[in-house]
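So the structure is just underneath, and the comments pick up after that.
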């Protein structure tokens, strides 16, 4: 029987167990405890591990099998979305207001009982942003933030974390822009973490964790960099 690994704040950032040791129930749970320090988060993402927990819980670290991913070349842009993009309904900005994007992603939604983006998580991702690893893609309508997404960029991988919409198609337009950025920057894969019908409709699919880990070894690099607009 597999047992959950517990981390302490004194453990080194690379103290995570092999992802193959993740529990089957809850599926993908790998470790608990530790902290959300910058070195630990970077090491986690490099290994295909991400934090996901509620405010009342210790930090929980996950590596699901299978893994939902989107290869940029497989992005499914519907005719209606393509029309919205062509009409320039939204103005796309990169990293213009990362704090507003992550807080919008944390807002309550009708389909969810709560949010996993608690204050500690928000602060941790803002530190990742200031360090040059976390980035936002934003859809603006006039001077209003209409939708967007954020995630972690390491080499040829973008780890998508969350997205939101305040107007129809706003987050989808942001995702379409992210796909274009991936092509321009040599990003090979967008990690979507957990499967959903919405992501599947946009072209994402599930792959085995072992395949995902192989892709990470090939493409991930812990190198920060500014996200300037690429036409």
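Residue numbers (the working numbering): -17 to 213. Where a beta carbon is used, it is the ideal one built from N, C-alpha and C, also for glycine. For clarity, every value in this text was computed on a predicted model and none was experimentally measured.
Simplified DSSP state of residue i, which is helix, strand or coil
i	result
residue 159	helix
residue 171	strand
residue 132	strand
residue 153	helix
residue 103	helix
residue 126	strand
residue 21	helix
residue 201	helix
residue 32	strand
residue 11	strand
residue 1	helix
residue 61	helix
residue 71	coil
residue 118	strand
residue 148	coil
residue 95	Confidence is the limiting factor: at residue 95 the pLDDT is only 48, short of 50, which leaves the residue's position unreliable and the question unanswerable from this model.
residue 109	helix
residue 196	helix
Alpha carbon of residue i to alpha carbon of residue j, nearest angstrom
i	j	result
residue 108	residue 159	22 Å
residue 201	residue 30	12 Å
residue 5	residue 70	45 Å
residue 16	residue 23	10 Å
residue 86	residue 155	16 Å
residue -11	residue 18	12 Å
residue 84	residue -16	34 Å
residue 181	residue 58	10 Å
residue 145	residue 129	7 Å
residue 194	residue 49	7 Å
residue 66	residue 52	21 Å
residue 79	residue 161	20 Å
residue 179	residue 188	11 Å
residue 196	residue 172	14 Å
residue 11	residue 1	9 Å
residue 157	residue 148	15 Å
Strand pairing of residue i, partner residues [DSSP]
i	result
residue -16	According to DSSP, residue -16 bridges with nothing at all.
residue 43	13 and 33
residue 53	In the DSSP output, where bridge partners are listed per residue, residue 53 has none listed.
residue 140	135 and 172
Segment limits, alpha helix (DSSP H) that includes residue i
i	result
residue 5	Segment: none, residue 5 is in no alpha helix (DSSP H) and carries neither H nor E.
residue 85	80 to 87
residue 183	179 to 183
Neighbour flag for residue i against chain B, beta carbons, 7 Å
i	result
residue 36	Annotation note: the requested chain B is absent from the structure, which comprises a single protein chain.
Residue i CB to nearest heavy atom of the ligand ATP below 6 Å
i	result
residue 62	This structure does not include the ligand ATP; it has no bound ligands of any sort.
Enclosing beta strand (DSSP E) for residue i [first to last residue]
i	result
residue 188	187 to 189
- Three-pair Cβ contact test at 8 Å for the stretch 120 to 131 versus the stretch 33 to 41: Too few Cβ pairs lie closer than 8 Å, so no.
- Query: Using 8 Å as the threshold, is the stretch 131 to 145 in touch with the stretch 201 to 211, meaning 3 or more CB pairs across them?
  - Reply: yes
- Item | Three-pair Cβ contact test at 8 Å for the stretch 165 to 176 versus the stretch -4 to 3 | no
- Meets three-Cβ-pair contact criterion under 8 Å: the stretch 37 to 55 and the stretch 71 to 81: no
- Message: Below 8 Å, how does it come out for the stretch 100 to 114 and the stretch 48 to 67: are there three or more Cβ pairs, yes or no?
- Response: no
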